[in-house]
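Peer 1: The structure's right below; bear with me while I get my questions together.
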Amino acid sequence: MEPLLTVRDIEAGYGKLTVLRNVSLDVHQGEFVSLLGPNGAGKTTTLRTISGFLVPFKGEITFKGESVVGKPAEEISRLGISFVSETLNLFRDMTVRDNLLMGAYQIKDKAARLETLNFVYGVFDRLQEREGQLAGTMSGGEQKMLAIARGLMSQPSLLLVDEPSLGLAPQLARDVFIALRVLQKEGVTILLVEQNARAALRITNRGYILENGRIVAEDASDLLRNDQRVRKAYLGR
Amino acid sequence: MNGTLIQSSLIHKASASMKKDTAAWIVIAVTILTAIALGVFAGATQLANTIVLGGMWALMGVGLALVFGVMNVSNFAHGEAFMVGSYVAYFVFGPVQKAFEGTHLAAIAPVPGLLICILAGVVLGVIIEKLLIHPLRVRTKQGWVMNAFLLTAGISLIMSNGARLLLGTKFRGVTTYWDLPSINALGVRLPSDRAAAFILALVAIASLWFFLQRTDTGRAIRAVSQDEAGARMVGVRVKWIYTLTFALSTALATLAGASLLFMFPAFPTVGLRPLYVSWYILMLVGLGNVGGSIAGGFIVAVLQTATQYFLGSVWEDVVPLIAMILVLLLAPSGIFGSEVKGIHEQ
Chain A
33 MEPLLTVRDI
43 EAGYGKLTVL
53 RNVSLDVHQG
63 EFVSLLGPNG
73 AGKTTTLRTI
83 SGFLVPFKGE
93 ITFKGESVVG
103 KPAEEISRLG
113 ISFVSETLNL
123 FRDMTVRDNL
133 LMGAYQIKDK
143 AARLETLNFV
153 YGVFDRLQER
163 EGQLAGTMSG
173 GEQKMLAIAR
183 GLMSQPSLLL
193 VDEPSLGLAP
203 QLARDVFIAL
213 RVLQKEGVTI
223 LLVEQNARAA
233 LRITNRGYIL
243 ENGRIVAEDA
253 SDLLRNDQRV
263 RKAYLGR
Chain B
1002 MNGTLIQSSL
1012 IHKASASMKK
1022 DTAAWIVIAV
1032 TILTAIALGV
1042 FAGATQLANT
1052 IVLGGMWALM
1062 GVGLALVFGV
1072 MNVSNFAHGE
1082 AFMVGSYVAY
1092 FVFGPVQKAF
1102 EGTHLAAIAP
1112 VPGLLICILA
1122 GVVLGVIIEK
1132 LLIHPLRVRT
1142 KQGWVMNAFL
1152 LTAGISLIMS
1162 NGARLLLGTK
1172 FRGVTTYWDL
1182 PSINALGVRL
1192 PSDRAAAFIL
1202 ALVAIASLWF
1212 FLQRTDTGRA
1222 IRAVSQDEAG
1232 ARMVGVRVKW
1242 IYTLTFALST
1252 ALATLAGASL
1262 LFMFPAFPTV
1272 GLRPLYVSWY
1282 ILMLVGLGNV
1292 GGSIAGGFIV
1302 AVLQTATQYF
1312 LGSVWEDVVP
1322 LIAMILVLLL
1332 APSGIFGSEV
1342 KGIHEQ
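Okay, here's the thing in structure tokens:
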């Protein structure tokens, strides 16, 4: 079956600085794929390129059979790719509920919006408790939950999540990963960028390892976990 | 991390926000006291006039704050929109008044002019944004704030001088605008012109508030002003929001100009005063603070009128400006807090 997302030979960067040299990856419908690698490898750049915030110098990106390279972020969002950035980009002076409703901006049917809102509250019940609270006043962990929840409100075909556990206490990080797992079980396709390789490989089906702008390894998560090089470099054994 | 560093920065933040709140309360208290003094010494009518003026300044300030908060554009052509409103209203009102003369429609002769002005404002705003601001944004790599300011300053020059070239420097005013009886209540005699202007401002601001708070598009506008990347992530077409916001701001200004034709006749540089007042309001309440600008309009109107009454016309701008300097010293981000999106992007 054709992949939901195909990324081929991407070369991308900022001005004169090339960050991604030759990146190719696939994500199939229903998969939970991780993109791992050290700091500065280009993981965030990869997600920004896929989501349309960065236009690559070279390469092809195909989503649902359609080429999306060069399309602006808002159009790519409307095609069904939801990007949950590391910086969250929440609407800080809006309530939790308004943030979530904004997440469903593309969905005109009010009933469908409420349905998705209820689904999201079901997964993230802490958010429902804090419905009327301003996003900017919530704790770091709650904000991450809100960002992921907001990303779901558009009923995306593909969810891109950038380092959700960064800066979170272990317990909170665990909650976030559990939530992502639940989402995958509900049928959401997820591409996860994570520095926490151990946790990522435990919950995902497949993984890619990015180093210095190139994919250096690709395999089923279980196999990567047992790979000697991977264990030494990323799992600390 | 250094513990004392965190503590001192927390204290700094707390004291800064305390200063801002104190400044806000002081300004509000002074304004209320001044308003009362004005009512007592100058009479209720004068106070009513001040409130009417406040509504108009609020209209101007809100439009400017919107454009600043959403688009990060320092619109120095904002006053020229007011001028366009004045001129369009004048040139429509004349013939309409003649046509309605003697009939019972004469009472609402300004209405066609007002409606056309709103339309003119929208059209003008769309033209300026699409033809001038948008291309500049696409081309600007850095220094956006300065570029946008220079652009609007240039637009202002061209428009006011263009008006002078095409229409001459003659003052074009009206003596009676709304042919309706004046309102006499509670010892206040309010001419229909002023009453109508106030009602218009109130309706416009209330509509804008409802639009921003309760509609999808309004929420999208707020989203863009708070986090543009986040807005794009949820599918907001930011380009369209920019055009809409600018058109809205321009239409509010033309409406203000049209409503106040009886007070501010149409002439090429009539927009300067509203422009200064608008910027004054913004700096006082905090750049980009839309809600605060509404209060700001009334605060400035009270301060201006009181200064004029108690100290004389000459001091009209001096005292409020001194107040602003004090506010900038004590609470530089404005008394209600600013929502500047550009400050982190360079």
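Chains as they are written, first to last, in the working numbering: chain A, 33 to 269; chain B, 1002 to 1347.
All C-beta atoms in this analysis are idealised placements derived from N, C-alpha and C, irrespective of residue type, glycine included.
1) Let me see if you follow: with CB-CB separation under 9 Å, is B/Q1227 close to chain A or not?
2) Please classify A/E226: does DSSP put it in a helix, a strand, or coil?
3) Under a CB-based cut-off of 9 Å, is B/R1220 close to chain A?
4) By a C-beta neighbour count over all protein chains shown, 10 Å radius and 16 as the cutoff for buried, is B/D1228 buried or exposed?
5) Helix, strand or coil, according to DSSP, for A/T148 in the structure here?
6) Which of the three DSSP states, helix, strand or coil, is assigned to A/Y275?
7) Helix or strand or just coil, what does DSSP make of B/A1078?
8) Report the three-state DSSP secondary structure of B/Y1277 (helix, strand or coil).
9) Is A/V220 helix, strand or coil by DSSP?
10) Could you tell me if B/S1339 is buried or exposed, where buried requires 16 or more neighbouring beta carbons within 10 angstroms of its beta carbon?
11) Starting from A/G91 and walking both ways along the beta strand (DSSP E), at which residues does that stretch end?
12) Consider the Cβ of B/T1144: report whether some Cβ of chain A lies at a distance smaller than 9 Å.
13) For A/E98, does the count of other Cβ atoms within 10 angstroms reach 16, so buried, or fall short, so exposed?
14) Who are the near neighbours of B/R1036 in its chain, counting only those whose CB is closer than 6 Å to its CB and skipping five residues on each side?
15) Assuming A/V193 and A/L200 make a contact with CB atoms under 8 Å, what is their CB distance in whole Å?
16) Skipping 5 residues on each side, what residues in its chain have a beta carbon closer than 6 Å to that of B/F1069?
17) Please work out which residues of its chain come closer than 8 Å, Cβ to Cβ, to A/L242, disregarding the five sequence neighbours upstream and downstream, and give them in chain order.
18) Counting only Cβ pairs nearer than 7 Å, list the residues of chain B close to A/F156.
19) What residues of chain B sit near A/G172, judged by a beta carbon separation below 9 Å?
20) Pairing CB atoms from the segment 1177-1189 of chain B with CB atoms from the segment 1104-1117 of chain B, are three or more of them under 8 Å?
21) Taking Cβ positions, are B/G986 and B/V1085 nearer each other than 9 Å?
22) Suppose you measure from the CA of A/E250 to the CA of A/T50; what does that come to, to the nearest Å?
23) Go through its chain and collect everything with a Cβ distance to B/A1205's Cβ below 7 Å, but skip five positions before and after it.
24) Within the continuous alpha helix (DSSP H) that includes B/A1302, where are the two ends?
25) Assuming contact is defined by CB atoms lying nearer than 9 Å, are A/G182 and B/V1237 in contact in what I supplied?
26) Under 7 Å Cβ to Cβ from A/V87, same chain only, skipping five residues before and after it: list those, please.
27) Sort B/T1170, B/I1134, B/I1200 and B/I1184 by Cα distance to B/V1053 and report the nearest one.
28) Helix, strand or coil for A/R158 per DSSP?
29) Considering Cα atoms alone, identify which of A/G45, A/T94, A/D58 and A/D41 is closest to A/R80.
Peer 2: The relevant details are as follows:
1) In the second sequence, the residue the question calls residue 1227 of chain B occupies position 226. Closer than 9 Å: yes.
2) Position 194 of the first sequence, counting from 1, holds the residue named residue 226 of chain A. Three-state DSSP puts A/E226 in coil, outside helix and strand.
3) Locating residue 1220 of chain B in the second sequence gives position 219, where the first residue counts as 1. Chain A, which has a Cβ nearer than 9 Å to the Cβ of B/R1220, makes this yes.
4) What you label residue 1228 of chain B is simply residue 227 of the second sequence in a count that begins at 1. Classification of B/D1228: buried, given that the 10 Å Cβ count is 16 or more.
5) Indexing the first sequence from 1 puts residue 148 of chain A at position 116. Helix at A/T148.
6) Look at the range of chain A in this structure, 33 to 269, and you will see that residue 275 of chain A is not part of it.
7) The count along the second sequence starts at 1 and reaches residue 1078 of chain B at position 77. In the three-state reduction of the DSSP assignment, B/A1078 falls in the coil class, being assigned neither a helical nor a strand state.
8) The residue labelled residue 1277 of chain B in the question sits at position 276 within the second sequence. Three-state DSSP puts B/Y1277 in a helix.
9) For the purposes of this step, residue 220 of chain A is identified with residue 188 of the first sequence, where counting begins at 1. Secondary structure of A/V220 (DSSP, three-state): coil.
10) Locating residue 1339 of chain B in the second sequence gives position 338, where the first residue counts as 1. Classification for B/S1339: buried.
11) Mapped onto the first sequence, residue 91 of chain A falls at position 59. For A/G91, the enclosing beta strand (DSSP E) stretches over residues K90 to F95.
12) By one-based count along the second sequence, residue 1144 of chain B stands at place 143. Checking the sequence shown, residue 1144 of chain B turns out to be Gly, not Thr. It does not: the Cβ of B/G1144 has no partner Cβ on chain A nearer than 9 Å.
13) Here residue 98 of chain A refers to the residue found at position 66 of the first sequence. It counts as exposed.
14) The residue you call residue 1036 of chain B lines up with position 35 of the second sequence. Correcting the residue identity first, residue 1036 of chain B is Ala in this sequence and not Arg. The beta carbon of B/A1036 sits closer than 6 Å to those of V1303, all from its chain and outside the five residues before and after it, given in chain order.
15) For the purposes of this step, residue 193 of chain A is taken as the residue at position 161 of the first sequence. For the purposes of this step, residue 200 of chain A is taken as the residue at position 168 of the first sequence. That belief does not hold up - the Cβ atoms of A/V193 and A/L200 are roughly 13 Å apart, past 8 Å.
16) For the purposes of this step, residue 1069 of chain B is identified with residue 68 of the second sequence, where counting begins at 1. Annotation for B/F1069: L1288 and G1289 place their beta carbon closer than 6 Å to its own, counting only its chain and skipping 5 residues before and after.
17) Position 210 of the first sequence holds residue 242 of chain A. Excluding positions up to five away in sequence, the list reads V55, L67, L68, G69, A73, G74, K75, T78 and V248.
18) Reading the first sequence from its first residue, position 124 is the one you call residue 156 of chain A. The CB of A/F156 never comes closer than 7 Å to any CB in chain B; the least such distance is about 17 Å.
19) Translated into the one-based positions of the first sequence, residue 172 of chain A becomes position 140. Chain B residues near A/G172: none, gap ~16 Å exceeds 9 Å.
20) Output reads yes: the segment 1104-1117 of chain B touches the segment 1177-1189 of chain B.
21) Within the shown structure, residues of chain B are numbered from 1002 to 1347, placing residue 986 of chain B beyond reach of any answer.
22) One-based indexing of the first sequence puts residue 250 of chain A at position 218. One-based indexing of the first sequence puts residue 50 of chain A at position 18. Annotation: A/E250 to A/T50 spans about 22 Å, alpha carbon to alpha carbon.
23) By 1-based counting over the second sequence, the position of residue 1205 of chain B is 204. Shown here for B/A1205: same chain residues with a beta carbon closer than 7 Å to its own, the five before and five after excluded, namely L1060, L1253 and L1256 in chain order.
24) For the purposes of this step, residue 1302 of chain B is taken as the residue at position 301 of the second sequence. Under the DSSP assignment, B/A1302 falls in the alpha helix (DSSP H) whose first and last residues are V1291 to L1312.
25) In the first sequence, counting from the first residue as 1, residue 182 of chain A sits at position 150. In the second sequence, counting from the first residue as 1, residue 1237 of chain B sits at position 236. Note that residue 182 of chain A is Arg in the sequence shown, not Gly. Not a contact, by the Cβ cut-off of 9 Å.
26) Position 55 of the first sequence, counting from 1, holds the residue named residue 87 of chain A. Counting only Cβ-Cβ distances below 7 Å, and skipping sequence neighbours, we find G102.
27) Here residue 1053 of chain B refers to the residue found at position 52 when the second sequence is read from its first residue. Comparing Cα positions, the closest option is B/I1200.
28) Position 126 of the first sequence holds residue 158 of chain A. In the three-state reduction of the DSSP assignment, A/R158 falls in the helix class.
29) As a position in the first sequence, residue 80 of chain A is number 48, starting the count at 1. Ranked by Cα distance from A/R80, the options A/G45, A/T94, A/D58 and A/D41 are led by A/G45.
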